[in-house]
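One structure below.
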Amino acid sequence: MTPPFSALFLLGPSGVGKSHLAAYLEREHGWLHLEIDQMGQDGIDLYDLRMEWDAFYLHKQPATLIETFKKRAHNRSGCVLTFPSMVIMDSEHIRCGLGSICIRYMDGPMSLCLLAFRQRERETGRNLADAHWAFYNRKIFRVLSHRAIRPHRVAAFTPDGCRRTPDDIWKQIATFCSSTSV
């Protein structure tokens with residue numbers, strides 16, 4: 041499924057599965073994945089997107105960012121960016137990107153996101169503490185409860201606490217973003 045938008049921004053708490061979904065899109069659908077959430081580095085600078093990013097994020101002007109994504113993803117289905125939990129985009133960011141950038145907040149219960157974070161930290165050997173997770177995720181859960189953001193959320197877990205499949209999440213995102221494209 042190739043949607044009419046050229047970039048997908050995945051936001052949400054650490055442990056919700058943003059990178060997992062992006063890896064699925066890269067592997068199964070041919071998307072370019074840019075992991076903006078880089079430990080100890082600024083992913084925007086790492087991928088040499090500062091000028092284009094600032095035009096979008098600070099001034100709500102997405103044209104140069106969209107063109108850059110199209111060039112970098114030239115023969116791919118699109119470009120997916122995964123962001124640190126502290127990155128927040130408001131309804132104006134969502135509105136100015138319509139038709140080219142789909143912005144989704146992946147959502148999940150705090151307890152399940154924290155468990156997934158702990159598991160990832162053990163597996164990678166990085167072993168960041170719960171205090172690290174709490175510090176960097178305290179704002180995102182408040183943001184996810186805002187009425188203006190609710191329509192842009194996608195559940196990462198089923199009501200019984202199991203992780204949804206990447207395919208299931210992707211179908212929901214693609215359907216919603218395709219129906220709101222200009």
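Residue 85 in this note's numbering sits at position 45 of the sequence shown; the count goes up by one each step and never skips.
Glycine residues also receive a C-beta, built at the ideal position from the N, C-alpha and C atoms.
Can you tell which of Pro-53, Ser-131 and Ala-156 has the C-alpha that lies nearest to the C-alpha of Cys-202? The residue with the shortest Cα to Cα distance from Cys-202 is Ala-156.
Test item: CB-CB of Ala-62 and Val-120 under 7 Å: Yes, they are a contact pair.
Using the rule of at least 16 other Cβ atoms within 10 Å of the residue's Cβ for burial, across every protein chain shown, is Gly-83 buried or exposed? Label assigned to Gly-83: buried.
Cβ-based neighbour list, Asp-208, same chain, cut-off 8 Å, excluding 5 preceding and 5 following: Hits under 8 Å: none found.
Got a sec? Which residues, its chain only, sit under 7 Å from His-69 by beta carbon, not counting five neighbours each side? Closer than 7 Å at Cβ, skipping near neighbours: Ser-117.
For Ile-143, which of Leu-184, Arg-193 and Trp-173 has the nearest alpha-carbon? Distances from the CA of Ile-143 to each of Leu-184, Arg-193 and Trp-173 were compared; the closest alpha carbon is that of Arg-193.
If you draw a straight line from the alpha carbon of Phe-49 to that of Thr-122, how long is it in whole angstroms? Going from the Cα of Phe-49 to the Cα of Thr-122 covers about 6 Å.
Given 8 Å, three or more beta-carbon pairs between the segment 128-136 and the segment 97-105: Yes, since at least three Cβ pairs between the segment 128-136 and the segment 97-105 fall closer than 8 Å, the two stretches touch.
Ends of the alpha helix (DSSP H) at Asp-85? For Asp-85, the enclosing alpha helix (DSSP H) starts and ends at 83-86.
Could you pull out every unbroken beta strand (DSSP E) segment of at least 3 residues lying fully inside the segment 153-183, listed in chain order? You should have found no qualifying run.
CB contact flag (Pro-124, Asp-170, <7 Å): Using a Cβ distance threshold of 7 Å, Pro-124 and Asp-170 do not count as a contacting pair.
To the nearest angstrom, how far is it from the Cα of Cys-153 to the Cα of Lys-111? Rounded to whole angstroms, Cys-153 to Lys-111 spans 34 Å at the Cα level.
Report the three-state DSSP secondary structure of Ser-218 (helix, strand or coil). The answer is helix: DSSP assigns Ser-218 an H, G or I state.
Applying the criterion that 16 or more other CB atoms from any shown protein chain within 10 Å of the CB defines a buried residue, is Glu-92 buried or exposed? It is buried - the Cβ of Glu-92 has at least 16 other Cβ atoms within 10 Å.
Span of the alpha helix (DSSP H), counted from its first residue to its last, around Leu-65: Unbroken alpha helix (DSSP H) run through Leu-65: 58-69.
Where does the unbroken beta strand (DSSP E) through His-73 begin, and where does it stop? His-73 -> beta strand (DSSP E) spans 72-75.
Would a C-beta distance cut-off of 7 Å place Asp-147 and Ala-188 closer than the cut-off? Taking 7 Å as the Cβ cut-off, Asp-147 and Ala-188 do not qualify as a contacting pair.
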